[in-house]
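Structure first, then comments.
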Amino acid sequence: MKKLILTAALLGALVASRPAEACTNILVTRGASTDGSTMITYAADSHTLYGELYYQPARDYAPGTMLKIYEWDTGKYLGEIPQVAHTYQTVGNMNEHQLMIAETTYGGRPELVDTTGIMDYGSMIYITLQRARTAREAITVMTSLANEYGYASSGESISIADANEVWILEMIGKGTRLVDGKNVNKGIVWVAVRVPDGYISAHANQARIMQFPLNDPENCLYAPDVIAFARANGLYDGKDRDFSFSDTYAPLDFSGMRGCEARVWSVFRKVTPGMDRYENYALGHNPKNRMPLWVKPAEKISPKQVMDFMRDHYEGTPMDMRNDIGAGGHGLPYRWRPMNFEVDGTTYLNERAIATQQTGFWFVAQGRNWLPDPIGGILWFGVDDAGTSCLTPIYCSVDRVPPCFEEGNGSLGEYSSSSAFWIFNRVTNFAYLRYDRMSADILRVVDEHENRCLREVRAVDQTALNLYQDDPKLATEYLTGYSVGTAQAMFDRWVELDRYLLVKYMDGNVKKEENGRFKDNGNDPRMLAMPDFPGYNETWQKAVAGSTGDRLKSAE
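85 is the number of the first residue of the sequence shown in the numbering used here; add one for each residue after it.
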């Protein structure tokens, strides 16, 4: 999704940023993961996006069939293109061949937007998932779609992985120059690089590919005119070997560092020693201190760790939002939008962490090359704020999706009691009121579900593999039953959690617990013991005392 507005003082000067919303991707290669899988993550962060799981079965089409294109962000009709003869099954952002694609929008130079294009980034991703089998094929399909039909979005960083390789593709349009009613600048400039095995990468709404090899097609692909176009338009005049895609097409600013690159830094610092030297860059104070595109983790990373990386709020860094008065009396690591505010003529910022309240859906997609595609691909899928929501495994071969994630089960303007998006929002929005206490209860249930599923998947894989060898259809039925049943059990558990939190924390109190139930008063099981009254944290109490003078002082 797109980049959020963020303005702030940088070395005494205010720097305006580019408007948009924001997402975060983490990319993990086989050699960097504990189980030898590839992984990419995505948080679809938008104030107008509903959390549901998209599903398209494989289909055959008659010659001449046309595919209508609607902009993914808005639903606006853009045009139509010829449909291919056969499309692959997709569930969310993964297809039946373990191909997975995610994105973050960096925007880039606004003059390079093609106002005549009909292929927006969202449509391009989902169409590519229906047409490509591997990451390399996906790069060809995506760039061909944008070049042939015109690119209707701004600059994008795209994560592409299959069960063997992980790539980053960055692209941007060429602007609009009409001649006889046609845009002669139709198409994109782009570069794609393969993340070296044993390394991880990440991007978060700032273009990150700088210099790249010009003669290494095994590891780097790019548009033939990616440098020539920049020269012709006065964007670059140096040597080819010094050309930086990011610096040319998406010049770095304070917003790009503090609001975007800081999220990448927060992940890298968890896995690689020495990342503290980039702290001033993440804070927006040293644009010359650019981080590497990828890092080698000190130890291999598990799927559970990757899930938890997506729950990051800058804990333990200078951007930790629990440590100032904006956290309220209960250490809330969130700030409501907008991204900036003004006091006495000075502009201040609200931090933008990886986990954020306005997430529609998020996932960790996992490709495993030692298993047949129908078993190897798992989309660990969740909805709402990653900080307090749960991922559940959806195998890429399922023939239906869980009802709680089904498209059309509620919307942003229509509450549904059977929708996972709404029950997670109920729980999380309640937790925002007393986050320091309630989040611990929620995360305990999150860990229980995810850890149990990670254990179960090993046995599920083996059972499915045995069935697959006899009859692939039986394996699909089994994996569908497991995926749907597990997701619905998670939904039911969250309904229970919603009720539990209400009972435990109603009216600002905290009921005492004993042996897995609320403690009674010793006389009547229906009469509970006196609850605790924890009140507010010390930081908030001091702030209230300091801002009210003598008005609240006790007379005693």
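Quick reminder that beta carbons are idealized off the backbone N, C-alpha and C, glycines included.
Residue burial classification, residue i (beta-carbon count within 10 angstroms, cutoff 16)
{"i": "D281", "result": "exposed"}
{"i": "M611", "result": "exposed"}
{"i": "A169", "result": "exposed"}
{"i": "S117", "result": "buried"}
{"i": "I202", "result": "buried"}
{"i": "Y499", "result": "exposed"}
{"i": "L95", "result": "Caution is warranted here: a pLDDT of 28 is assigned to L95, below 50, making its placement in the model unreliable, and the coordinate value is therefore given only provisionally. With fewer than 16 other Cβ atoms within 10 Å, it is exposed."}
{"i": "R278", "result": "buried"}
{"i": "F425", "result": "exposed"}
{"i": "K270", "result": "buried"}
{"i": "F313", "result": "buried"}
{"i": "W464", "result": "buried"}
{"i": "G633", "result": "exposed"}
{"i": "M614", "result": "exposed"}
{"i": "T158", "result": "exposed"}
{"i": "W156", "result": "buried"}
{"i": "I244", "result": "buried"}
{"i": "P194", "result": "exposed"}
Nearest-angstrom Cβ-Cβ length linking residue i and residue j, presumed shorter than 8 Å
{"i": "L213", "j": "T189", "result": "Not quite, the Cβ-Cβ distance comes to about 18 Å (not below 8 Å), so this is no contact."}
{"i": "D396", "j": "A439", "result": "6 Å"}
{"i": "A437", "j": "R347", "result": "7 Å"}
{"i": "H131", "j": "Q442", "result": "5 Å"}
{"i": "M522", "j": "Y589", "result": "6 Å"}
{"i": "Y139", "j": "V485", "result": "5 Å"}
{"i": "A247", "j": "N453", "result": "4 Å"}
Enclosing alpha helix (DSSP H) for residue i [first to last residue]
{"i": "P556", "result": "556-589"}
{"i": "L229", "result": "219-233"}
{"i": "T332", "result": "329-333"}
{"i": "G206", "result": "205-215"}
{"i": "Q389", "result": "387-393"}
{"i": "E313", "result": "Strictly speaking, residue 313 in this sequence is Phe, with Glu absent from that position. Here the alpha helix (DSSP H) through F313 covers 310-316."}
{"i": "A366", "result": "363-366"}
CB of residue i within 8 Å of CB of residue j, strictly
{"i": "G257", "j": "Y235", "result": "yes"}
{"i": "V310", "j": "V275", "result": "yes"}
{"i": "G466", "j": "T476", "result": "yes"}
{"i": "V390", "j": "I110", "result": "yes"}
{"i": "M394", "j": "T125", "result": "yes"}
{"i": "Y432", "j": "I459", "result": "no"}
{"i": "S241", "j": "Y205", "result": "no"}
{"i": "Y398", "j": "Y516", "result": "no"}
{"i": "A692", "j": "W506", "result": "Not covered by the structure: residue 692. The range shown for the chain is 85 to 640."}
{"i": "M226", "j": "L196", "result": "no"}
{"i": "G259", "j": "D321", "result": "no"}
{"i": "V273", "j": "Y333", "result": "yes"}
{"i": "A316", "j": "E345", "result": "no"}
{"i": "D520", "j": "H369", "result": "no"}
{"i": "L585", "j": "V511", "result": "yes"}
Residue i, enclosing beta strand (DSSP E) - first and last residue
{"i": "N299", "result": "First-last for N299: undefined, no H or E at that position."}
{"i": "A276", "result": "272-278"}
{"i": "T430", "result": "430-433"}
{"i": "V628", "result": "That residue, V628, is in no beta strand (DSSP E); its alpha helix (DSSP H) goes 622-632."}
{"i": "P166", "result": "161-166"}
{"i": "S350", "result": "Not the beta strand (DSSP E): S350 falls in the alpha helix (DSSP H), residues 346-355."}
{"i": "E426", "result": "424-427"}
{"i": "W420", "result": "From DSSP, W420 is part of no beta strand (DSSP E); its letter is neither H nor E."}
{"i": "H287", "result": "284-287"}
In chain order, what are the residue ranges of uninterrupted alpha helix (DSSP H) at least 4 long that sit wholly in the region 460-536? Listed in chain order, the complete alpha helix (DSSP H) runs (minimum 4 residues) inside the region 460-536 are 504-515.
Which parts of the region 104-129 are runs of the beta strand (DSSP E), unbroken and 3 residues or longer, counting only runs that do not cross its ends? Counting only runs of at least 3 residues, the region 104-129 fully encloses the following beta strand (DSSP E) elements, listed from N- to C-terminal order: 109-112, 122-129.
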